[in-house]
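Worksheet: the structure to be examined is printed underneath.
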Amino acid sequence: MMEFRPILSAMLRNKTGAILIALQIAITLAIVCNAVFVIQQRVAAMTRPTGLDVRDTFAVTMRGYTQDYRPAHAIRADLDALRAMPGVANAASMFHIPLSGGGWSSGFATSPDPKAPTVDMGVFHTDTHGLDTLGVKLVAGRNFTNDEVIHTTRDTYTWPSVVILTRAAADKLFPKGKALGKAVYVGKQSMTVIGIVKHMQGSWVHWSGLNRNAIVPAVFLEPRAGFLVRAEPGQRDHVMKAVENKLQGLHVGNYVQRMRSMERFRSDSYVGDHAMTVILMVVTGMILAITAFGIVGLASFSVNQRRKQIGTRRALGARRRDIVRYFLLENWIITTVGVLIGSALAVALNLWLVTTYELNPIAWYYIPIGVVGLWALGLAAVLGPALRAARISPALATRTV
Amino acid sequence: MFSYNLRLALRSMRRTPILSALMIGAIGIGIGVSTTTLTVYHLRSGNPIPQKSGQLYAVQLDNWSPNEPYGGTSDHLPTQVTYRDATNLMRLGKAKRQNASYITSMTVIPHNRNQKPFHVISRVTYNDFFPMFDVPFQYGGPWGDADNSSRAQVVVLSHELNEKLFGGANSVGKDVRLDGNRFRIVGVLKHWEPTPHFYDLENDSFGDSEDAYIPFDLTVPLKLQSAGNNSCWGNGSDHSFEGHLESECVWIQFWAELPTASARARYHQFLGNYVRDQKKAGRFPRPVKTSLRNVMQWIAYNGVVGNDTRSLVGLSFMFLLVCVLNTIGLILAKFMRRSGEIGLRRALGASRHALFRQYLVESAVIGVSGGAVGLLLGWAGLFGVRSLLGGNAARIAHLDWTMIGISLLLAIAASVAAGLYPAWRVVRIPPAAYLKTQ
């Protein structure tokens, strides 16, 4: 540490370069900490467990169009055909599809009193095949029976008598537990909770109530009919093609409006988050590269400027190691000033993002990790020019230029 | 003099190719990143109807529950209106023009038996929609006021649907079957793609326009249902069609055309009175609250630009700042290396001004080259954004002349700013100091 003083006084005589590098490092730290934090948050959201068999399932939307279209008959025929197809593990009537961005939500209460607080949750209308097709896990109670499934239209809809809740939904409605067997209410109509599903994400991936869902036994007899199909593992794409041909050829007065895999629904729901992650990763990589090259450039310049001084020091007995250490230490001092300013800047930038753009506040440990990272980057960048400086011959001191 | 300075600049850059490449690269990457984010911002926040965006107002009324305010917006006003309010406000007709509309799902059954039936989105609307939003027609025109009230089954096709059904020929007067009902075609639109889709921001703001337009008064006879967003409070148990029309569910987009400030003030007054009248009938349990937002206010209010886009613009300017600091350092290093030469020229009589100009020209050359590199990178960046977002992303990620100009100006400004300090610093070197050491 004995070189500390001379390095400092040399730096103070030529401040501009050092200030420029320190400022660059400060802003880089602020950007990188916040970018990595946002990336990490988005990746965490995208990789949350869904509770669903996302890989093997796909949705089919059928639409009736003939004057004599009979939804009950068509839905029966389509489902029978689907379940009999090779490669299809199971198929269910399902009016809205999880992760799709389209859905139904209602306020549930534990009492019929209109003033009772309600909990908003996603509602999925399906039949007895629903749970198995979705791939969700029943942890308490039982599945629906065929008698419990109501066939209805949107016009005449009334809630069925039973409901299966996700654990998150049950816990929110009944904080003390024991939801099974209890009554829940939508308006004045009551339903008995007959089952609890461990986990299942709902329709809107950015909604805070994503994990609160109610599964109810109902099939809608409407021109639009929705099915969810689960293929045998690994056969989804091939089964999707076969299903489209099969349903098109049944001639029950409907046509295939849309087929989409749950995987596609999920990636469409996260398209903005995915884009943000990739953009931030590219920006982070580029800004680190630019800062590193800036350090290399300025260090090379300062080595060139001090060739004679370095030669003199070498002639006076400084070892190569001492020269390298000089430049490393000089850079370390500059980087440290930079990261000190940068830490404050990172917090300020985060505050601005939190207040203006509703981002989350940064976790504290991103900043020390960033500081260590930039120290390493600075030292790595200056190492090349420092080693070149160490190769300067002591004989240089004796020459005039 | 300028061309001489230019020659000197080019020669100086050739002498230090790596340093020059670093500087151009730094400015280029900074400009590339800013161009990409700024373009996305610029296109997302663009004015879809500049000629009258200040005269078109989205109408909002607070018909929400006495127990809790509407939760979807910052000021707790629903973004759509109920069927009752939509039809009442249309009947009262106090604005120059007003329009209520919503989307519905329909099936087109082509006459050609070889063509399969397919799904379209139709907008159920009054005929004032077309003149209000300056919708361009290729053939025919909107249906008349008589068709509104006589419940005639008439339709206006989009350019794209007319291409698909009639190969782009003039189809006015022909029939098209929608959901088993025959509709007479009265008009065909030119390609129309307002970006963003300002008059209905409930669904995809950058999605396609509708495929077909049919009269609002067909809602009841054809029992049309909204395919868009429905938000409800109270009375949730009645799901019948008639019950839905009578309910406090909001699902209709309502716009008013108010050409002057006084018309706007009068309409605002009228809305207040309307709500007070409805209160007498037992509706509107919350305090009287209404709002009129013009197109750009409406786009901002609905958060169309998105927080991600806006924070990326801020981040990219910080990025550009790092690039500029970087370039200042490199230019300074480069100029200082030539202190000897500068000292000599000053001693031989060159003025500070002349030298300053020379070094600024050199910085500007770096800026223009960096700008060109930046435009290429920005173009590549937008290509990347398009492939990341997929779908209709081309609408919010393509370079236009405004953005090319802005990027080049930004590049030159950035590099001249980067060159100012080094040039100022270097010409202040006392010539004697450098001549001595030689």
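Chain order of the listed sequences is A and B. Taking the working numbering, I'd label the letters of the first sequence as residues 1 to 401. Taking the working numbering, I'd label the letters of the second sequence as residues 1001 to 1438. Backbone N, C-alpha and C define an ideal beta-carbon position, used for all residues, glycine too. Note that the structure is a prediction, hence the values are computed from the model and not measured.
Can you tell me whether glutamine 1253 (chain B) is helix, strand or coil according to DSSP? strand
From which residue to which residue does the beta strand (DSSP E) around asparagine 1099 (chain B) run? 1097 to 1109
Please list the residues of the segment 24 to 57 of chain A that have a C-beta atom closer than 8 Å to any C-beta atom in chain B, keeping them in chain order. Gln24, Ile27, Thr28, Ala30, Ile31, Asn34 and Ala35
Run through the segment 148 to 192 of chain A for me and flag every whole alpha helix (DSSP H) of 4 or more residues, listed as ranges in chain order. Segments of the alpha helix (DSSP H) lying fully in the segment 148 to 192 of chain A: 167 to 173.
What residue range does the alpha helix (DSSP H) around serine 1363 (chain B) cover? 1352 to 1389
Would you kindly check if the distance between the Cβ of asparagine 1063 (chain B) and the Cβ of phenylalanine 1284 (chain B) is under 7 Å? yes
Quick one, which residues of the segment 8 to 23 of chain A are near chain B if we go by CB-CB under 8 Å, in chain order? Thr16, Gly17, Leu20, Ile21 and Leu23
Counting only the same chain and skipping the five closest in sequence on each side, list residues whose C-beta sits under 6 Å from that of alanine 381 (chain A). Ala292, Ile295 and Val296
Quick check: what's the CA-CA separation for threonine 1082 (chain B) versus leucine 23 (chain A)? 56 Å
As an exercise, report each continuous beta strand (DSSP E) stretch of at least 3 residues that is fully enclosed by the segment 1248 to 1313 of chain B, in chain order. 1253 to 1257 and 1290 to 1294
Under 6 Å Cβ to Cβ from serine 1078 (chain B), same chain only, skipping five residues before and after it: list those, please. The sequence given here places proline at residue 1078 (chain B); serine does not occur at that position. So the qualifying residues of the chain are Tyr1070 and Val1250.
Can you tell me whether serine 1034 (chain B) is helix, strand or coil according to DSSP? helix
Using the three-state DSSP reduction, which class does serine 1237 (chain B) fall into: helix, strand or coil? Confidence in serine 1237 (chain B) is poor, its pLDDT being 48 and thus under 50, which makes the residue's placement too unreliable to answer from.
Should valine 401 (chain A) go down as buried or exposed, given a rule of 16 or more other Cβ atoms within 10 Å for buried? Model confidence at valine 401 (chain A) stands at a pLDDT of 48, short of 50, so the residue's coordinates are unreliable and nothing is read from them.
What residues are listed by DSSP as bridge partners for aspartate 120 (chain A)? DSSP, once it has assigned bridges, lists A:Gly107 as partnering aspartate 120 (chain A).
Going by beta-carbon coordinates alone, are leucine 1189 (chain B) and phenylalanine 1270 (chain B) separated by less than 7 Å? no
Which residue spans inside the segment 26 to 91 of chain A form an unbroken beta strand (DSSP E) run of at least 3? You should have 57 to 64.
Where the segment 1356 to 1379 of chain B meets chain A: residues whose CB sits under 8 Å from a CB there: none
Please list the partners that serine 1311 (chain B) has in chain A, where partner means a Cβ-to-Cβ separation under 8 Å. Leu353, Thr356, Tyr357 and Leu359
Kindly say whether asparagine 1307 (chain B), judged by its beta-carbon, lies nearer than 7 Å to any beta-carbon of chain A. yes
Expressed to the nearest angstrom, what Euclidean distance is found between the alpha-carbon atoms of glycine 249 (chain A) and valine 88 (chain A)? 18 Å
Along chain A, which residues have their Cβ under 9 Å away from the Cβ of aspartate 1179 (chain B)? The contacting residues are Tyr65 and Pro223.
Please go through the same chain and pick out, in chain order, the residues whose beta-carbon is closer than 8 Å to the beta-carbon of tryptophan 375 (chain A), but skip the five residues on each side of it. Trp332, Thr335, Thr336 and Val339
If we call anything under 7 Å between Cβ atoms a contact, is leucine 247 (chain A) one with aspartate 78 (chain A)? yes
Do the CB positions of phenylalanine 58 (chain A) and serine 300 (chain A) come within less than 7 Å of each other? no
Backbone CA spacing between valine 1120 (chain B) and arginine 1182 (chain B) [nearest angstrom]: C-alpha of valine 1120 (chain B) to C-alpha of arginine 1182 (chain B): approximately 15 Å in a straight line.
Could you check whether valine 1172 (chain B) and glycine 1144 (chain B) sit closer than 7 Å to each other, using their CB atoms as the reference points? no
Is serine 217 (chain A) near phenylalanine 108 (chain A), with beta carbons less than 7 Å apart? According to the sequence as given, residue 217 (chain A) is proline; it is not serine. No, Cβ-Cβ distance for proline 217 (chain A) and phenylalanine 108 (chain A) is not below 7 Å.
Status (buried if at least 16 other CB within 10 Å, exposed otherwise) for leucine 1409 (chain B): exposed
Under 7 Å, Cβ to Cβ, is there at least one residue of chain C near glycine 297 (chain A)? Chain labels in this structure do not include chain C; the protein chains are A and B.
Got a sec: which bits of the segment 1144 to 1165 of chain B sit with their beta carbon under 7 Å from any beta carbon on chain A, in order along the chain? So nothing in the stretch comes that close.
State buried or exposed for phenylalanine 1254 (chain B), treating a residue as buried only when at least 16 other CB atoms are found within 10 Å of its CB. buried
If the cut is a Cβ gap below 8 Å, which residues of chain B does lysine 115 (chain A) touch? By Cβ distance, chain B contributes Asn1067.
For the pair the segment 1119 to 1135 of chain B and the segment 1205 to 1219 of chain B, tell me if three or more CB-CB distances fall below 8 Å. yes
Identify the contact partners of asparagine 1112 (chain B) in chain A, using a Cβ-Cβ distance below 9 Å as the criterion. Per Cβ cutoff of 9 Å: no residues; asparagine 1112 (chain B) is ~15 Å from chain A at best.
Among A:Thr61, A:Leu329, A:Arg306 and A:Thr277, which one has its Cα closest to the Cα of serine 93 (chain A)? A:Thr61
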